[in-house]
Structure formats: structure tokens, C-alpha cells
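Going by the numbering used here, the sequence shown opens with residue 974, and the numbers climb by one from there.
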Amino acid sequence: MDCLFCKIINGDIPSKKVYEDDHVYAFHDISPMAPVHILIIPKKHIPSVMGITAEDKDLIGHLHLAIQHIAKEMNLDEEGFRVITNTGKNGQQTVFHLHYHIVGGRQLEWNM
974 MDCLFCKIIN GDIPSKKVYE DDHVYAFHDI SPMAPVHILI IPKKHIPSVM
1024 GITAEDKDLI GHLHLAIQHI AKEMNLDEEG FRVITNTGKN GQQTVFHLHY
1074 HIVGGRQLEW NM
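And the structure:
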């Protein structure tokens, strides 16, 4: 498969890993938008939020628990952070593998 994130999961492309378990992988974004900017992805290739099926509900719940764990490890849990997922062309999705951005470490603004 010619998916950037699948290649990162497989170790074909290097990344700065933050967290990994049997189902998810998290790493630092190469173009951070804040002091903390981490991408968390399921190891199962799912193209976007619109590709999630009923079979994926446990995986998605597990991914959100991993977000909690990472937020605590990165000391974001007290002051807050943002979890973002871009979906489709108009949502600015550039890698078509479901992923969430964990962004924090400073006061965030809302720019639309």
C-alpha cells in the first residue's frame, strides 16, 4: 500500500515515536503548530472518519483512551488541548489514513 502513515507504522519512514501499542501509533508532527503537536493513528488502515465501520468501534474507543494517556504524559491534561481530525478535501485532509492531531502546550486560537 502506498500510504505514508502505513509506511511510518511499518518503520519504512522514520518518525519520532511518542506512544505505541498493538492498535495505535503516535508520533510528533514534522510541522508542529504548537509546542506539542502529536499525530495518533490506528495501525489498521482506515481512509478517514467516513471509512469507520461498526467493526471499528472498539478500535476507535481504544484510540481515544490512548489520546488521554498521551495528553497526561505530555502534561496537557491540566491546561487543556485540542484533538483534531481532518476529513476529505474540504476538511484539509492530506494523508488519507485516519489520524488525529493532539495539539497543545499554549493557549490556542480558533482560526477558520
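Note that beta-carbon positions come from the ideal geometry of N, C-alpha and C, so glycine has one too.
{"Query": "Any C-beta of chain D under 9 Å from that of residue 1035", "Result": "In the structure shown, chain D cannot be found, because there is only a single protein chain."}
{"Query": "Cα-Cα separation between residue 1065 and residue 1008, rounded to whole angstroms", "Result": "21 Å"}
{"Query": "Cβ-based neighbour list, residue 977, same chain, cut-off 8 Å, excluding 5 preceding and 5 following", "Result": "986, 1068, 1070"}
{"Query": "Buried or exposed (CB count within 10 angstroms, at least 16 for buried), residue 1013", "Result": "buried"}
{"Query": "Beta-ladder partner(s) of residue 1044, from DSSP", "Result": "DSSP lists no partner for residue 1044."}
{"Query": "Range covered by the beta strand (DSSP E) that runs through residue 990", "Result": "990-993"}
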